[in-house]
Amino acid sequence: MPKIALKSLAAAGETLELAASQDPFAPESIKHLVNRYGSPLFIIDAERVRQQYRRLSAALPGVDLHYALKPLPHASVIKTLNDEGAFFDLATNGEVELVRRLNIAPQRCIHTHPIKRDSDIRTALAYGVNRFVVDNPDELRKFVKYRNRCTLLIRVSFRSPNARVDLSRKFGCEPDGVPDLLQLAAELRIKIDGLSFHVGSQAADPKMFVAAIARCSEIMRAAPESGHSIGILDIGGGFPVDYLQTCMPIEEFCEPIVRALKELPTSVRVIAEPGRYISAPAAITAASVMGRALRDGCWWYYLDDGLYGSYSGQIYDHAAYPVEALVDAGKTYPSVLAGPTCDSIDVIKEHLELPKLDMGDLIVGRAMGAYTWASACEFNFFPRATVLVLDGGRLLTDGSPE
Ligand SMILES: *Cc1c(COP(=O)(O)O)cnc(C)c1O
Numbered sequence: 031m032p033k034i035a036l037k038s039l040a041a042a043g044e045t046l047e048l049a050a051s052q053d054p055f056a057p058e059s060i061k062h063l064v065n066r067y068g069s070p071l072f073i074i075d076a077e078r079v080r081q082q083y084r085r086l087s088a089a090l091p092g093v094d095l096h097y098a099l100k101p102l103p104h105a106s107v108i109k110t111l112n113d114e115g116a117f118f119d120l121a122t123n124g125e126v127e128l129v130r131r132l133n134i135a136p137q138r139c140i141h142t143h144p145i146k147r148d149s150d151i152r153t154a155l156a157y158g159v160n161r162f163v164v165d166n167p168d169e170l171r172k173f174v175k176y177r178n179r180c181t182l183l184i185r186v187s188f189r190s191p192n193a194r195v196d197l198s199r200k201f202g203c204e205p206d207g208v209p210d211l212l213q214l215a216a217e218l219r220i221k222i223d224g225l226s227f228h229v230g231s232q233a234a235d236p237k238m239f240v241a242a243i244a245r246c247s248e249i250m251r252a253a254p255e256s257g258h259s260i261g262i263l264d265i266g267g268g269f270p271v272d273y274l275q276t277c278m279p280i281e282e283f284c285e286p287i288v289r290a291l292k293e294l295p296t297s298v299r300v301i302a303e304p305g306r307y308i309s310a311p312a313a314i315t316a317a318s319v320m321g322r323a324l325r326d327g328c329w330w331y332y333l334d335d336g337l338y339g340s341y342s343g344q345i346y347d348h349a350a351y352p353v354e355a356l357v358d359a360g361k362t363y364p365s366v367l368a369g370p371t372c373d374s375i376d377v378i379k380e381h382l383e384l385p386k387l388d389m390g391d392l393i394v395g396r397a398m399g400a401y402t403w404a405s406a407c408e409f410n411f412f413p414r415a416t417v418l419v420l421d422g423g424r425l426l427t428d429g430s431p432e
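Quick note on numbering: the sequence shown equals residues 31 to 432 in this note's numbering.
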């Protein structure tokens, strides 16, 4: 994990960058930050990270939330959540390295990548993470030599054609295949102590969760026949957030899930792996117009951030972000927002009606914390956006111990 470079932050954390009560996502704050630190910016609000975590915790009482690092693996997010008492969901050596650097207790982490190299297992074990996920016999056999040092969850697949990202196509054991896997684990003397699933990211409704919980409950009841005692149910991630389209409020979304969980024996420990829900609303981007051209009666604006940068989620995550120009209202013109690279696919949005923009005018993308900066690259050598983390007016460094 490369260390996050922050430009000119000598006084970071020592002085108030914004008034304590000032929303870092308000237009005046964004303009101030761009004036000071340049563009493009990726602005994380630690307070929003906290609020998302608390709101989901309240909607899922008794469920331990393991933040999945993948959508926004930034030290400040991990630190903020650790201070809230969160748990963590890791999938790679880089993610293990990041939590290790932040002194996150390994007992609070699980490793959930269903497919691992031996070195991935060894790295996680060396840090002290001892709960892993498997979904097939070959993966199970990789743990024979570590059987005294860890316990495993079996990832069960439940297809979710309605989720934006169906994660059960690529991973997971068919529910009917779980008994055989339990049997094999018993023969190999490997301890299975839980089941997990992921209904798919940005789930449209909670029905898949409810069906998956019921099916897992059946499997758990039959598990003692193969000598396993399954005490953990991991209901994964997938909790949705508002983008251009609003979704069900999280309390309403979780209500049937909570009801389904009440049917489980009280001894079952329930955990979840939210990623998007925690991080998406907690970051915005600010990009500047670096050039413009009138083409076929339409104003094309070229920004210093685009599809290869913070807007990469438009491709990989199939997301459409709310974008706005931070300019005064006025007569509008047909407009296109494009990214900076020399590739023609690098177009953020077409068919817009915008006031006429000038060089340096700002375009803000909201709900951009998840699967955006994380999947950005530096194609054409346009650098990724500079990350700024604000917390109650203070500008934080990346949160790592120096
Ligand atoms: C990506 C991922 C998550 C997070 O999913 P969200 O939809 O962002 O909540 C959780 N668990 C696993 C195993 C994942 O791969």
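Backbone N, C-alpha and C fix where the C-beta goes; we use that ideal spot for every residue, glycine too.
The criterion of a C-beta distance shorter than 8 Å is satisfied by PHE188 and ALA241.
Closest in alpha carbon position to ASP119, among TRP330, VAL93, PHE162 and ASP148, is PHE162. Leaving aside the five residues that flank ASP376 on each side, the residues in its chain whose CB is nearer than 8 Å to its CB run, in chain order, GLY336, LEU337, TYR338, ALA368, GLY369 and PRO370.
Here the alpha carbon of ALA404 sits roughly 25 Å from the alpha carbon of HIS62.
A distance criterion of 7 Å places the beta-carbon of HIS228 in contact range of ligand 1, judged by its closest non-hydrogen atom. Distances from the alpha-carbon of VAL64 to those of LEU425, ALA317 and GLY423 put ALA317 closest.
Nearest neighbour of LYS175 by Cα position, chosen from ASP196, ASP148, ARG185 and TYR157, turns out to be ASP148. C-alpha of ALA400 to C-alpha of PHE409: approximately 20 Å in a straight line.
For LYS61, there is no enclosing beta strand (DSSP E); the residue is part of the alpha helix (DSSP H) that begins and ends at 57-67.
The region 154-238 is shown to contain whole alpha helix (DSSP H) runs of 4 or more residues at 167-171 and 208-217, in chain order. Taking 8 Å as the cut-off, the Cβ atoms of CYS246 and PHE269 do not count as close.
In the DSSP assignment, THR371 forms no beta bridge with any residue.
Taking C-beta separations shorter than 6 Å and ignoring five residues to either side along the sequence, the partners of ASP347 in its chain run TYR401, following chain order. Excluding five sequence positions before and after GLY360, the CB atoms of its chain that fall closer than 7 Å to its own CB belong to PRO385, given in chain order.
Between ligand 1 and PHE269, a heavy atom-to-CB distance of less than 7 Å is present. Assigned with DSSP and collapsed to three states, TYR341 falls in helix. Unbroken beta strand (DSSP E) runs of no fewer than 3 residues, entirely contained in the region 83-120, are found at 94-98 and 117-120, following chain order.
Following the DSSP letters along the chain, one finds CYS277 in no beta strand (DSSP E), marked with neither H nor E.
DSSP, reduced to helix, strand and coil, places ARG414 outside both helices and strands of the structure shown, so it counts as coil. Taking 7 Å as the cut-off, one finds at least one heavy atom of ligand 1 near enough to the beta carbon of SER231. Excluding residues up to 5 positions away in sequence, ILE108, ASN112 and PHE118 lie with their Cβ nearer than 8 Å to the Cβ of ILE134 in the same chain.
The C-alpha of PHE283 is placed about 38 Å away from the C-alpha of PRO364. At least one heavy atom of ligand 1 falls within 7 Å of the beta-carbon of TYR307.
Within the DSSP bridge table, the entry for PRO254 names no partner.
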